[in-house]
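Participant:
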Amino acid sequence: MQPRRRIFDLEQRVFRSDPFETVEQCRTYDLDTRTSMIIPTQHMMKILAPFCRPTTKLLEVGAGTGILSLRLASLFPDCEFFAVETNDAFLTVIRENTIFANLLNYGGRFSYEWARYSRLPVATASVDVVFSFCSLNRWTEPLATIKECNRVCKPEGLVVLYDLARDADEGMISFVLQYTGANHEQFMGAMRSSFSVAELQAELAGVSLEGWRVTREGINLIVSSREIDVSFTVGEPGIYDNIFAPVWAETSAIV
Amino acid sequence: MTITNNITRNFLDTPSYWRDYPDRDIEFVRWYPCDVRRLSAEDVFRHRHAPHQDVSFYMHIPFCNQVCTSCPYNKFNTRNTLVERYREAMKNEIEAYSKHAYMKGVKVSSGYIGGGTPTTLRAHELDDLLSFFKSRFEFTNRCSITIESTPVDIDERKTEVLLKHGVDRVSLGVQTFSDPLLRHLGRARAHTADKAANTIQMLHRMGIENICLDYMIGIPGQTMKLWEEDVRILMQLPVNSFSVYNYLVLPGSEAFFGIQSGLTPICPSSQEADHMYWYFLDQVLSNKYVAVTYNDFGGPMSREWDDLGVKTYPIDPEGNKPYLGLDTSTFYLTDHLTHVWYECGDLMALGAGGYGFLNHHMYLNEPNINRYIDLANSGNLTMTMGAYADEYERRCRSLVLGLKLLRVKRADYKRTHGVDLYDVFKEKIDALVEKDLVFVTDDAIQVKFKKGWFYIDNVCKAFYSDANYRLPQPSPASTEILKWQLRNTAEELPYATS
Numbered sequence: 007m008q009p010r011r012r013i014f015d016l017e018q019r020v021f022r023s024d025p026f027e028t029v030e031q032c033r034t035y036d037l038d039t040r041t042s043m044i045i046p047t048q049h050m051m052k053i054l055a056p057f058c059r060p061t062t063k064l065l066e067v068g069a070g071t072g073i074l075s076l077r078l079a080s081l082f083p084d085c086e087f088f089a090v091e092t093n094d095a096f097l098t099v100i101r102e103n104t105i106f107a108n109l110l111n112y113g114g115r116f117s118y119e120w121a122r123y124s125r126l127p128v129a130t131a132s133v134d135v136v137f138s139f140c141s142l143n144r145w146t147e148p149l150a151t152i153k154e155c156n157r158v159c160k161p162e163g164l165v166v167l168y169d170l171a172r173d174a175d176e177g178m179i180s181f182v183l184q185y186t187g188a189n190h191e192q193f194m195g196a197m198r199s200s201f202s203v204a205e206l207q208a209e210l211a212g213v214s215l216e217g218w219r220v221t222r223e224g225i226n227l228i229v230s231s232r233e234i235d236v237s238f239t240v241g242e243p244g245i246y247d248n249i250f251a252p253v254w255a256e257t258s259a260i261v
Numbered sequence: 007m008t009i010t011n012n013i014t015r016n017f018l019d020t021p022s023y024w025r026d027y028p029d030r031d032i033e034f035v036r037w038y039p040c041d042v043r044r045l046s047a048e049d050v051f052r053h054r055h056a057p058h059q060d061v062s063f064y065m066h067i068p069f070c071n072q073v074c075t076s077c078p079y080n081k082f083n084t085r086n087t088l089v090e091r092y093r094e095a096m097k098n099e100i101e102a103y104s105k106h107a108y109m110k111g112v113k114v115s116s117g118y119i120g121g122g123t124p125t126t127l128r129a130h131e132l133d134d135l136l137s138f139f140k141s142r143f144e145f146t147n148r149c150s151i152t153i154e155s156t157p158v159d160i161d162e163r164k165t166e167v168l169l170k171h172g173v174d175r176v177s178l179g180v181q182t183f184s185d186p187l188l189r190h191l192g193r194a195r196a197h198t199a200d201k202a203a204n205t206i207q208m209l210h211r212m213g214i215e216n217i218c219l220d221y222m223i224g225i226p227g228q229t230m231k232l233w234e235e236d237v238r239i240l241m242q243l244p245v246n247s248f249s250v251y252n253y254l255v256l257p258g259s260e261a262f263f264g265i266q267s268g269l270t271p272i273c274p275s276s277q278e279a280d281h282m283y284w285y286f287l288d289q290v291l292s293n294k295y296v297a298v299t300y301n302d303f304g305g306p307m308s309r310e311w312d313d314l315g316v317k318t319y320p321i322d323p324e325g326n327k328p329y330l331g332l333d334t335s336t337f338y339l340t341d342h343l344t345h346v347w348y349e350c351g352d353l354m355a356l357g358a359g360g361y362g363f364l365n366h367h368m369y370l371n372e373p374n375i376n377r378y379i380d381l382a383n384s385g386n387l388t389m390t391m392g393a394y395a396d397e398y399e400r401r402c403r404s405l406v407l408g409l410k411l412l413r414v415k416r417a418d419y420k421r422t423h424g425v426d427l428y429d430v431f432k433e434k435i436d437a438l439v440e441k442d443l444v445f446v447t448d449d450a451i452q453v454k455f456k457k458g459w460f461y462i463d464n465v466c467k468a469f470y471s472d473a474n475y476r477l478p479q480p481s482p483a484s485t486e487i488l489k490w491q492l493r494n495t496a497e498e499l500p501y502a503t504s
């Protein structure tokens, strides 16, 4: 009987610079976010929803195609969403998506601009919620950016960074990889460029953010500036439980 | 402000491929081993391991006239030029197998033609393909061949062709006799309850003796009342086997967004779906139908089957219900399952994305249809991914897949593997007995009714080896995993050169 071998070359973090070079690549990623990545997208929305109270100011760092902020802005029109992105190709797609959203009268308050993540164009302690979604793995200066997120966030506010976990179960990585189709290079490139829980914990401790939480949930890694509920499993694991029940309605007012 | 969560967090979250008891696993185990890697025909046949005489086949025809909104298999919309090229490639693949030294003297003892919808091929195309296949291989007298179809993709001409070539069983994807539910499934407009009933009658009239009907539980909009009606109709039809599957909402699929947007009604809850399943089970088993697996059934038992020597066994020997299971090793119609799942027998895979098991290797044919065509047309076998099953893995495989048939006889197991299954897997079996999921007698290990049936994938996965523990079932439509696996040299990794 053979023991389980290591399947993937994920022991060391291999940073790769932003792989999205063309607008077309970003449009493809946009479609992925809305289709094959819909479950993590929903997960992130579930995490953020309880903090989207009226007048809340939210900042998305590395907004990609802007789809997450646009969706949240549509659901919470009393909140103010601001997004920054360094990649011009992504900014083109954010513009396209914003035009389309306005065409459909989505009703949200959302704006965006180009910025360096290590020098966010936002006043200190001015934002209620700072968040990023599957962006951390392409940050050239991740710790400097995290410190910036901490700077702009109000003391009682929240920072949530959602990305892949390089130390996720290899069986689970195999499972997801099998369904990435033509996007397997993007997925595995991001995976290799992502952090493990232990690595990020050590890095945060190195910049005096020991109180921050680093959690692995499924294939994802979630960093939060304070303890929040990031669980993503429900009750009895049948196929059809509460699939389409309005479970967020009760939680959206809770902070 | 209220928002709604219209997305399943349950089946579709990533851990859904593996759950440990008491969580119920729902992955639908059908292949083993799962520890797949790149595999060529040279790898498979480098050493001759398996003395054999009979081989089953699986032929994959990946075309559908209407692709359903929830299908996870390797399939394409029908395109005539592609179908033609594919058929020629498959003939080349058949030719290559027929000339292979490993296949010398081999007889085909059973087969399954699936997809896709294989009967999207036109009658003359089916005739050409099957004629070619039969001209290149010898078939046993009792060789049973099943073909999948839908109520709208088979007619009298195609049926004549199938009968001519010994296809004696048609598995019909009826899903439901409710027209509104069929629309929610995205079935072709022409697929209606009336059409399904007429097709079944046509197949029966034409002489297809074995008609299998597929039903689905969990369809958007399905209610217990509609399900009771489906079960009632089932009992009145001239079919002698049927299967029931769970409807799956795939992430990002048309069905997924249809339900999310409210255009499509919601699916039954898992409690409702379970209730439908147990109701169905009580109805069919109390009417003398017999269980083949937890979701496949045959019968009702008849004099003719008795005369053929078909044996049954009590599903619940200590219970008060006289329900019976089918001893698949006693019935030619279930030879395919017995041979492949129970005995680790050879299975020849034909077609893009087909899974096979030859010479102790489980393998997947190239799923990319154009690459498949190129490979087959160059005279090669199209194996591209798979795993070698050594003696221990074969012993595992016979239980992982064999227990899907609800019972593995110790004598059969010993004949195949030379050991008693309890001697090899005492610890694992005792743990399952402890959980009340299986029981062991002098004759067999059997899945406990009803609890073990409910946890059938947990039961099967209990026999995964350490090398396969927590690995997903290989996808029949993807080989991307190969490009990222660790191998011996860094040069082989795709990112090494980029």
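Residue numbers (the numbering used here), protein chains in the order written: chain F, 7 to 261; chain B, 7 to 504.
Even glycine gets a Cβ: it sits at the ideal position worked out from N, Cα and C.
If you check the beta carbons only, do D173/F and R222/F fall under 8 Å apart?
Facilitator: In contact: D173/F and R222/F (Cβ atoms closer than 8 Å).
Participant: Do S177/B and D341/B have their C-beta atoms closer together than 8 Å?
Facilitator: In this structure, D341/B does not lie closer than 8 Å to S177/B by Cβ.
Participant: Please list the partners that R476/B has in chain F, where partner means a Cβ-to-Cβ separation under 9 Å.
Facilitator: In chain order: R10, D175, E176, G177, M178.
Participant: Any C-beta of chain F sitting closer than 8 Å to the C-beta of E486/B?
Facilitator: Closer than 8 Å to some Cβ of chain F, the Cβ of E486/B qualifies, so yes.
Participant: Quickly, what does DSSP pair W120/F with across the bridge? List them, please.
Facilitator: W120/F pairs with E91/F.
Participant: Report back the beta-carbon spacing between G359/B and Y369/B to the nearest angstrom; my notes put them in contact at under 8 Å.
Facilitator: That belief does not hold up - the Cβ atoms of G359/B and Y369/B are roughly 11 Å apart, past 8 Å.
Participant: Does the separation of the CB atoms of L364/B and V50/B fall below 8 Å?
Facilitator: Against a cut-off of 8 Å, the Cβ pair of V50/B and L364/B comes out as a contact.
Participant: Rounded to whole angstroms, what is the Cα-Cα separation between V240/F and Y419/B?
Facilitator: Here the model assigns V240/F a pLDDT of 36, short of 50, so the residue's position is not dependable and the matter cannot be decided.
Participant: How about S202/F: is its C-beta nearer than 8 Å to some C-beta of chain B?
Facilitator: So, not an interface residue.
Participant: Within the 8 Å Cβ cut-off, does S481/B reach chain F?
Facilitator: With 8 Å as the cut-off, S481/B counts as an interface residue toward chain F.
Participant: Determine the extent of the alpha helix (DSSP H) in which Q192/F is found, giving its start and end residues.
Facilitator: Segment 190 to 198, the alpha helix (DSSP H) holding Q192/F.
Participant: Any beta-carbon of chain F closer than 8 Å to the one on P257/B?
Facilitator: With 8 Å as the cut-off, P257/B counts as an interface residue toward chain F.
Participant: Does the stretch 318 to 334 of chain B come close enough to the stretch 282 to 294 of chain B to have 3 or more Cβ pairs within less than 8 Å?
Facilitator: With a cut-off of 8 Å, the stretch 282 to 294 of chain B and the stretch 318 to 334 of chain B count as touching, because enough Cβ pairs lie within range.
Participant: Give me, in chain order, the residues of the same chain whose beta-carbon lies closer than 6 Å to that of T146/B; leave out the 5 immediate sequence neighbours on both sides.
Facilitator: Only K113, S115 meet the Cβ criterion.
Participant: Looking at the secondary structure, which residues open and close the alpha helix (DSSP H) in which H423/B lies?
Facilitator: H423/B -> alpha helix (DSSP H) spans 416 to 423.
Participant: If you pair each beta-carbon of the stretch 125 to 142 of chain B with each one of the stretch 330 to 338 of chain B, do three or more pairs fall below 8 Å?
Facilitator: No: the two stretches stay apart, fewer than three of their Cβ pairs being nearer than 8 Å.
Participant: Helix, strand or coil for G458/B per DSSP?
Facilitator: Note: G458/B maps to helix in three-state DSSP.
Participant: By the criterion of Cβ-Cβ separation under 8 Å, what are the contact partners of S42/F in chain B?
Facilitator: Those are P257, G258, listed as they occur along chain B.
Participant: Output, in chain order, the set of chain B residues within a Cβ distance shorter than 9 Å of T186/F.
Facilitator: The contacting residues are S484, E486.
Participant: Mind listing the chain F neighbours of Y23/B? Cutoff is C-beta to C-beta under 8 Å, in chain order.
Facilitator: Those within 8 Å of Y23/B in chain F are G177, M178, F181.
Participant: Within the chosen definition, does the stretch 106 to 117 of chain F reach the stretch 130 to 141 of chain F through at least 3 CB pairs nearer than 8 Å?
Facilitator: Counting Cβ pairs under 8 Å, fewer than three are found: no touch.
Participant: Alpha carbons only, please: which of R476/B, Q72/B, I153/B is nearest the one belonging to H197/B?
Facilitator: Comparing Cα-Cα distances from H197/B to each of R476/B, Q72/B, I153/B, the minimum goes to Q72/B.
Participant: Please identify the residue among R59/F, R22/F, F87/F, V203/F whose C-alpha is closest to the C-alpha of G266/F.
Facilitator: Past the edges of chain F, shown from 7 to 261, lies residue 266/F, and the structure says nothing about it.
Participant: Could you spell out the range, first to last residue, of the alpha helix (DSSP H) harbouring S276/B?
Facilitator: Its alpha helix (DSSP H) spans residues 276 to 292.
Participant: Where does V240/F fall in DSSP's three states?
Facilitator: Confidence in V240/F is poor, its pLDDT being 36 and thus under 50, which makes the residue's placement unreliable; the coordinate value appears in the next sentence. V240/F: coil per DSSP, three-state reduction.
Participant: For a contact defined as C-beta to C-beta under 7 Å, what are the partners of C13/F on chain B?
Facilitator: Note that residue 13/F is Ile in the sequence shown here, rather than Cys. The answer, in chain order, is Q491, L492.
Participant: Does the stretch 13 to 33 of chain F come into contact with the stretch 73 to 84 of chain F, if we say contact requires no fewer than three beta-carbon pairs (one atom in each stretch) closer than 8 Å?
Facilitator: They do not touch, by the three-pair rule.
Participant: Out of T126/B, P28/B, G172/B, state which residue places its alpha-carbon closest to the alpha-carbon of P68/B.
Facilitator: Taking only the C-alpha atoms, the option nearest P68/B is T126/B.
Participant: Let me make sure I understand the geometry here. Which of S132/F, I100/F, V135/F, V133/F has the alpha-carbon closest to that of Y118/F?
Facilitator: Considering only alpha carbons, the answer is I100/F.
Participant: Could you list which residues in chain B have their beta carbon closer than 7 Å to that of M194/F, in chain order?
Facilitator: Neighbours of M194/F on chain B, chain order: W490.
Participant: Here's the rule I'm using: 16 or more other beta-carbon atoms within 10 Å means buried, otherwise exposed. How should M282/B be labelled?
Facilitator: Answer is buried; the Cβ neighbour count reaches 16.
Participant: Short check: CB of I435/B to CB of S180/F, under 8 Å?
Facilitator: Contact flag unset, no.
Participant: Which residue or residues does DSSP assign as beta-bridge partners of R91/B?
Facilitator: Answer is none; R91/B lacks a bridge partner.
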